[in-house]
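Here the sequence shown is numbered in the working numbering, starting from 28 and rising by one per residue.
No residue lacks a Cβ here, since even glycine has one placed at the ideal position from N, Cα and C.
Down below is the structure, laid out as structure tokens.
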Amino acid sequence: MKKRILYYIWMACAAVLLHSCEDVETHKPYGDDSGHAPGTVQVTSYEQIPGGVTLKFTAPTDEDLLYIKIKYTLDNGKEMEARASLYTDETTIEGFGNTNPKKLVISAVNKMEKEGEAIITEIVPGKPAYLTAIEEIEVNPTFGGIYIHTTNGGRNYLIFDVSTKDSKGNWNVEHTEYTSVKNIGFTLRGFSAEPHDFKVRVRDLYDNQSEEYLTTLTPLYEEKLDLTKFKTFYLANDIKMDNAGHTLESLF
28 MKKRILYYIW MACAAVLLHS CEDVETHKPY GDDSGHAPGT VQVTSYEQIP
78 GGVTLKFTAP TDEDLLYIKI KYTLDNGKEM EARASLYTDE TTIEGFGNTN
128 PKKLVISAVN KMEKEGEAII TEIVPGKPAY LTAIEEIEVN PTFGGIYIHT
178 TNGGRNYLIF DVSTKDSKGN WNVEHTEYTS VKNIGFTLRG FSAEPHDFKV
228 RVRDLYDNQS EEYLTTLTPL YEEKLDLTKF KTFYLANDIK MDNAGHTLES
278 LF
């Protein structure tokens with residue numbers, strides 16, 4: 028009887044051990060593994076922004092939906108892909124270099140990376156910021172150089188290349204300005220008070236670039252002051268400035 032009980036105990040332990048040795052995949056993606064693909068996305072509307080659009084859509088109601096995929100091609104031929112979370116109903120598409128109609132290929136993807144049927148929708152992007160910037164640019168003379176001003180209503184990231192001619196008449200980039208402020212303004216200094224040729228080109232982060240803005244200007248006369256002729260003047264009731272051994276005279 029005792030041997031029979033031990034036999035049953037041994038069989039039970041063996042069954043547990045055999046069960047625990049079964050291959051169990053714990054790292055596979057969560058979701059329906061039946062090969063079922065999610066439904067289609069419905070585009071409801073879009074709003075123009077500089078060089079792109081804010082796209083609004085209705086996602087399919089599949090429980091295992093993971094994200095919305097949007098594919099498009101920029102004007103320079105570069106293929107782009109944007110993804111929108113299942114927790115939102117809009118996304119931003121940008122990088123276009125003009126306002127010609129563009130096609131977007133939109134599909135839904137589930138947690139097993141199964142992609143649903145794609146739809147193609149056409150949009151017209153807003154006017155790119157780099158085009159607006161070059162059209163509204165103003166270049167005026169200032170002391171020892173020029174002052175460049177323009178607008179950037181969408182606060183897009185823009186790059187300004189300012190070129191001048193060297194002694195041999197070759198164009199060289201003298202200064203590159205990186206900015207994303209709304210009202211853009213910067214100076215280029217160090218020029219004599221005689222006519223100089225200047226060239227400005229505006230670029231963005233997507234390799235879109237404007238036509239060249241050319242102008243010839245004469246900077247206002249500017250002369251560096253002789254700092255050896257400066258000295259500190261204290262009134263009778265003034266307190267002398269001395270910060271860790273640095274006095275006012277250190278400025279000269």
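Assuming contact is defined by CB atoms lying nearer than 8 Å, are residue i and residue j in contact in what I supplied?
i	j	result
Arg216	Asp188	no
Tyr174	Gly212	yes
Thr169	Phe225	no
Pro155	Gly78	yes
Gly153	Asn235	no
Thr119	Thr81	yes
Ile147	Val132	yes
Glu106	Thr100	yes
Glu117	Lys83	yes
Could you tell me the distance, in whole angstroms, from the CA atom of residue i to the CA atom of residue j?
i	j	result
Asp89	Ser207	40 Å
Ile150	Ile95	17 Å
Ser219	Asn179	30 Å
Thr259	Thr214	30 Å
Asn270	Leu262	19 Å
Gly143	Arg110	14 Å
Leu241	Val166	10 Å
Lys251	Ser277	18 Å
Gly66	Ser112	15 Å
Leu232	Leu92	32 Å
Thr245	Glu162	22 Å
Gly181	Ala145	31 Å
Ile164	His176	6 Å
Gly172	Pro87	59 Å
Ile186	Val68	36 Å
Ser194	Tyr157	30 Å
Classify residue i: buried if its beta carbon has 16 or more other beta carbons within 10 angstroms, exposed otherwise.
i	result
Lys130	exposed
His223	buried
Ile97	buried
Ser237	buried
Val227	buried
Glu200	For the record, residue 200 in the displayed sequence is Val; it is not Glu. Classification of Val200: exposed, given that the 10 Å Cβ count is below 16.
Asn183	buried
Val62	Here residue 62 is Gly; the residue named in the question, Val, does not match the sequence. Exposed, by the Cβ-count rule.
Leu254	exposed
Asp205	According to the sequence shown, residue 205 is Tyr rather than Asp. Answer is exposed; the Cβ neighbour count stays below 16.
Tyr73	buried
Lys141	buried
Thr203	exposed
Thr274	exposed
Tyr248	exposed
Pull the bridge partners of residue i from the DSSP assignment, please.
i	result
Gly172	Thr169 and Arg216
Thr255	For Thr255, which the question treats as bridged, DSSP gives no partner whatsoever.
Arg230	Ile186 and Gln236
Ile211	Thr177
His63	For His63, which the question treats as bridged, DSSP gives no partner whatsoever.
Thr203	Asp188
Ser72	Lys83
Tyr94	Ser112 and Val136
Asp5	With the chain covering 28 to 279 only, the question about residue 5 has no answer from this structure.
Asn270	His273
I'd like to confirm something about residue i: is its beta-carbon nearer than 7 Å to some heavy atom of the ligand SAM, or not?
i	result
Gly79	This structure lacks the ligand SAM; in fact it carries no ligand of any kind.
query: What alpha helix (DSSP H) runs, 4 residues minimum, are completely inside the stretch 96-166?
result: 156-162
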